[in-house]
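Taking this note's numbering, the leading residue of the sequence shown gets 1475, the next gets one more, and so forth.
To keep things clear, I will list the structure first and then write my remarks on it.
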Amino acid sequence: MKLPLPTKHITNAEFLLLSIKQGDCKSYKKLFDLYWESMFTNAKSIVGNDNNAKDIVQDIWVKLWQNRAQLDIKNFDAYIYVAVRNASFKFLKSKKFTRLEKQVINSLKLSVEPDVKKQIDFDEKLSVIKMALNNLPKRCAQIFELSRLKHYTNDEIAIKLGISKKSVENQISIATKSIKHTLTSLLSLLCVLLSNF
């Protein structure tokens, strides 16, 4: 979620961008200080890692400076919000995914609108599955992996982990609902972003 920014940035951003376009380093630093925290938070919410989020935000600012002479940004809030989201999803798409992550994508019946399905391909679904899996509690993820990837029966999982069959069923249900919810939300968001380009 995008953090609230100081009210003064609303009037300052346009002025700072004009100065940056002329090569003003101080204005660049001021704009950076105003937006860095919200950009970092947005990136981390997608990639789930501090270092990767910092790299993504840094790259956006480097490109902004490199292309400063051609800047023509009408709404800087919208610009950096979309830039962070696109860069974060692009980063996730570049990563290698485990067999489990691909298995989950194939096994889950995602409840998304037909127009969303048309615009979002398999690779983009893979891009968000890692975040969905990372949101699961450790035991819940373990049970889900045993069931979906290793094809253990519920009875076998119960014996292996020393828990009741009912607990296994509950954890699988929780995991499935959690992953579906995360994926559906992120895929819908990605669809909106893609429709703007």
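Even glycine gets a Cβ: it sits at the ideal position worked out from N, Cα and C.
Note that the coordinates shown come from a computational prediction; the quantities given were computed from them, not determined experimentally.
(request) Can you tell me which of 1503, 1497, 1555, 1550 puts its alpha carbon nearest to the alpha carbon of residue 1520? (result) Counting from 1 along the sequence shown, the entry for residue 1520 is found at position 46. The option with the nearest alpha carbon to residue 1520 is 1555.
(message) Does residue 1633 come out as helix, strand or coil in the three-state DSSP assignment?
(response) Residue numbering aside, residue 1633 sits at position 159 when the sequence shown is read from its first letter. The answer is helix: DSSP assigns residue 1633 an H, G or I state.
(request) Pair every Cβ in the region 1539 to 1547 with every Cβ in the region 1491 to 1499, then say whether three or more of these pairs are closer than 8 Å. (result) Contact holds: three or more Cβ-Cβ distances are below 8 Å.
(request) State yes or no: is the C-beta of residue 1465 within less than 8 Å of the C-beta of residue 1656? (result) Coverage of the chain is limited to positions 1475 through 1671, which leaves residue 1465 absent and any answer about it impossible.
(request) In angstroms with no decimal places, state the Cα-to-Cα distance between residue 1617 and residue 1645. (result) Working through the sequence shown from its first residue, we reach residue 1617 at position 143. Working through the sequence shown from its first residue, we reach residue 1645 at position 171. Going by the C-alpha atoms only, they are around 7 Å apart.
(message) For a test of the three-state rule: what should DSSP assign to residue 1626, helix, strand or coil?
(response) Taking the sequence shown and counting its residues from 1, the one referred to as residue 1626 is at position 152. Coil.
(request) Go ahead and label residue 1673 buried or exposed: buried means 16 or more other beta carbons lie within 10 angstroms of its beta carbon, across all protein chains shown. (result) Shown here, the chain extends from 1475 to 1671; a query on residue 1673 therefore has no answer.
(request) Output yes or no for whether 8 Å exceeds the beta carbon distance between residue 1514 and residue 1504. (result) Counting from one through the sequence shown, the residue named residue 1514 turns up at place 40. Counting from one through the sequence shown, the residue named residue 1504 turns up at place 30. Contact: no.
(request) Work out the CA separation of residue 1628 and residue 1643 for me, nearest whole Å. (result) Taking the sequence shown and counting its residues from 1, one reaches residue 1643 at position 169. Taking the sequence shown and counting its residues from 1, one reaches residue 1628 at position 154. Straight-line Cα distance between these residues: approximately 7 Å.
(request) Under 8 Å Cβ to Cβ from residue 1608, same chain only, skipping five residues before and after it: list those, please. (result) Walking along the sequence shown from the start, residue 1608 turns up at place 134. Closer than 8 Å at Cβ, skipping near neighbours: 1522.
(request) Could you pull out every residue in the same chain whose Cβ sits closer than 7 Å to the Cβ of residue 1539, ignoring the five residues on either side in sequence? (result) On the sequence shown, position 65 is the one that residue 1539 refers to. Taken in chain order, the residues that qualify are 1502.
(request) Assign residue 1613 to buried or exposed, taking buried as 16 or more other Cβ atoms, counted over all protein chains shown, within 10 Å of its Cβ. (result) The residue you call residue 1613 lines up with position 139 of the sequence shown. Label assigned to residue 1613: exposed.
(request) Flag this pair as yes or no: are the beta carbons of residue 1568 and residue 1610 separated by less than 8 Å? (result) Within the sequence shown, residue 1568 is the residue found at index 94, counting from 1. Within the sequence shown, residue 1610 is the residue found at index 136, counting from 1. Against a cut-off of 8 Å, the Cβ pair of residue 1610 and residue 1568 comes out as no contact.
(message) If you reduce the DSSP assignment to three classes, tell me which class residue 1489 lands in.
(response) Position 15 of the sequence shown, counting from 1, holds the residue named residue 1489. It is helical.
(request) Go to residue 1542, then tell me how far its alpha helix (DSSP H) extends in each direction, as first and last residue. (result) Position 68 of the sequence shown holds residue 1542. According to the DSSP assignment, residue 1542 belongs to no alpha helix (DSSP H), since it is labelled neither H nor E.
(request) Rounded to whole angstroms, what's the CA-CA distance from residue 1666 to residue 1496? Just pull it up for me. (result) The residue given as residue 1666 occupies position 192 in the sequence shown. The residue given as residue 1496 occupies position 22 in the sequence shown. No answer about residue 1666 holds up, because its pLDDT of 47 lies below 50 and its placement is not dependable.
(message) Check for me: the alpha helix (DSSP H) holding residue 1566 runs from which residue to which?
(response) As a first step, residue 1566 is located in the sequence shown; it is residue number 92 there, counting from the start. Run containing residue 1566: 1550 to 1568, per the alpha helix (DSSP H) assignment.
(request) To the nearest angstrom, report how far apart residue 1550 and residue 1566 are at their CA atoms. (result) One-based indexing of the sequence shown puts residue 1550 at position 76. One-based indexing of the sequence shown puts residue 1566 at position 92. About 24 Å.
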